[in-house]
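Chains S and V, in that order, are what the protein sequence lines are. Counting with this note's numbering, you get residues 1 to 114 for the letters of the first sequence. Counting with this note's numbering, you get residues 1001 to 1114 for the letters of the second sequence. Yeah, the Cβ is synthetic: ideal placement off N, Cα and C, and Gly gets one too. Below is one structure, written out as structure tokens; the observations come after it.
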Amino acid sequence: DAGVTQSPTHLIKTRGQQVTLRCSPKSGHDTVSWYQQALGQGPQFIFQYYEEEERQRGNFPDRFSGHQFPNYSSELNVNALLLGDSALYLCASSPPNGLYTEAFFGQGTRLTVV
Amino acid sequence: AQKVTQAQTEISVVEKEDVTLDCGYETRDTTYYLFWYKQPPSGELVFLIRRNSFDEQNEISGRYSWNFQKSTSSFNFTITASQVVDSAVYFCALGAGPASKLTFGTGTRLQVTL
């Protein structure tokens, strides 16, 4: 049973560019959340997708957007990249009716903006 | 708003020593969940435990134990007879409100040496 998988593992982009990160949830999970983890910090919640809609959003600008597909996989898009967007981006999936269950995390995508 | 505090930035111990990682939290929700995650250098967050706000029983799992005290808003984690493989960053997290968004602390880096 594959866990949460994210691609790519590493990515280098230039300021002003756009980037798309991808996430496949654990089998049987229907909810996907995205987190940004800056170096030396804890993960910060970006947003969550359920039934192909954004259900909740953290304190991130509109440059951060997402999508969920019918197979529950998800994408995180960041436009007009800034140096400060350099971070580890983590995807987490949760099972149905999992309001308070644990989230299972992927290995993350390390984004470097130069 | 929820808040998680991990005051210990870094802890170094010698193998076989016991070590306790502290976690404090703030929330106005009466129903909430507390989590501990381990983050090895690979980056993936590994789930260790979940505890709900109605269950204050301490829990032991092998060399790991958790002490949840609602009266002091703390959820501390103890590793008994630490091993080099325990070296990692440990995060405490709080899940409250809808959609299981998690609020993380800043993490405690544990270094176990021979």
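Let me confirm a value: residue i is counted as buried when at least 16 other C-beta atoms fall within 10 Å, else exposed. Which label applies?
{"i": "V/Ala1088", "result": "buried"}
{"i": "S/Ile46", "result": "buried"}
{"i": "V/Lys1016", "result": "exposed"}
{"i": "V/Ile1079", "result": "buried"}
{"i": "V/Ala1001", "result": "exposed"}
{"i": "S/Thr112", "result": "exposed"}
{"i": "S/Gly42", "result": "buried"}
{"i": "V/Gly1062", "result": "exposed"}
{"i": "S/Leu90", "result": "buried"}
{"i": "S/Ala103", "result": "buried"}
{"i": "V/Gln1006", "result": "buried"}
{"i": "V/Glu1010", "result": "exposed"}
By alpha-carbon positions, which one of the options ends up nearest to residue i?
{"i": "V/Leu1034", "options": "V/Leu1114, V/Gly1062 and V/Leu1048", "result": "V/Leu1048"}
{"i": "S/Thr14", "options": "S/Asp85, S/Tyr35, S/Glu54 and S/Pro70", "result": "S/Asp85"}
{"i": "S/Ser94", "options": "S/Ile12, S/His29, S/Pro8 and S/Gly3", "result": "S/His29"}
{"i": "S/Asn59", "options": "S/Trp34, S/Glu51, S/Glu102 and S/Thr5", "result": "S/Trp34"}
{"i": "V/Trp1039", "options": "V/Arg1050, V/Val1004 and V/Phe1091", "result": "Note that residue 1039 of chain V is Gln in the sequence shown here, rather than Trp. Cα-wise, what sits closest to V/Gln1039 is V/Phe1091."}
{"i": "V/Ile1060", "options": "V/Phe1077, V/Lys1101 and V/Asn1052", "result": "V/Phe1077"}
{"i": "V/Gln1083", "options": "V/Thr1005, V/Glu1010, V/Val1014 and V/Thr1009", "result": "V/Val1014"}
{"i": "S/Ala108", "options": "S/Glu52, S/Glu102, S/Ala92 and S/Val114", "result": "Note that residue 108 of chain S is Gly in the sequence shown here, rather than Ala. If we check each option's Cα against that of S/Gly108, S/Ala92 comes out closest."}
{"i": "V/Val1112", "options": "V/Gln1057, V/Gln1008 and V/Ser1012", "result": "V/Ser1012"}
{"i": "V/Thr1020", "options": "V/Phe1075, V/Phe1104, V/Arg1051 and V/Thr1103", "result": "V/Phe1075"}
{"i": "V/Leu1114", "options": "V/Val1085, V/Lys1101 and V/Val1004", "result": "V/Val1085"}
{"i": "V/Arg1050", "options": "V/Thr1072, V/Asn1067, V/Trp1036 and V/Leu1102", "result": "V/Trp1036"}
Residues of chain S with CB closer than 9 Å to the CB of residue i, please, in chain order.
{"i": "V/Phe1035", "result": "Glu102 and Ala103"}
Measuring from the CB of residue i, is there a heavy atom of the ligand NAP at a distance below 7 Å?
{"i": "V/Val1019", "result": "No copy of the ligand NAP occurs in the structure displayed, which carries no ligand at all."}
Find the residues of chain S that neighbour residue i, judging by a C-beta separation of less than 7 Å, and give them in chain order.
{"i": "V/Leu1102", "result": "Phe45 and Ala103"}
{"i": "V/Thr1108", "result": "Chain S residues near V/Thr1108: none, gap ~10 Å exceeds 7 Å."}
{"i": "V/Gly1105", "result": "Gly42"}
Could you work out which residues of chain S lie near residue i, taking near to mean beta carbons separated by less than 8 Å?
{"i": "V/Phe1091", "result": "Gly42 and Pro43"}
Just the chain V side, please: which residues come within less than 8 Å of residue i by C-beta, in chain order?
{"i": "S/Leu88", "result": "Gly1043"}
{"i": "S/Gly106", "result": "Glu1044"}
Please tell me whether residue i has its Cβ less than 8 Å away from any Cβ of chain B.
{"i": "S/Gln18", "result": "The structure shown contains no chain B; its protein chains are S and V."}
**Item:** Contacting positions in the region 1039-1056 of chain V - beta carbon closer than 9 Å to chain S
**Value:** Taking 9 Å as the Cβ-Cβ cut-off against chain S, the residues of the region 1039-1056 of chain V that qualify are Gln1039, Ser1042, Gly1043, Glu1044, Leu1045, Val1046, Phe1047, Ile1049, Arg1050 and Asn1052.
**Message:** Under 7 Å, CB to CB, which of the residues in the region 1008-1024 of chain V have a partner in chain S?
**Reply:** none
**Asked** Is it a yes or a no for the region 15-27 of chain S touching the region 60-79 of chain S, going by three-plus beta-carbon pairs under 8 Å?
**Response** yes
**Meets three-Cβ-pair contact criterion under 8 Å: the region 58-72 of chain S and the region 1023-1031 of chain V** = These segments do not touch.
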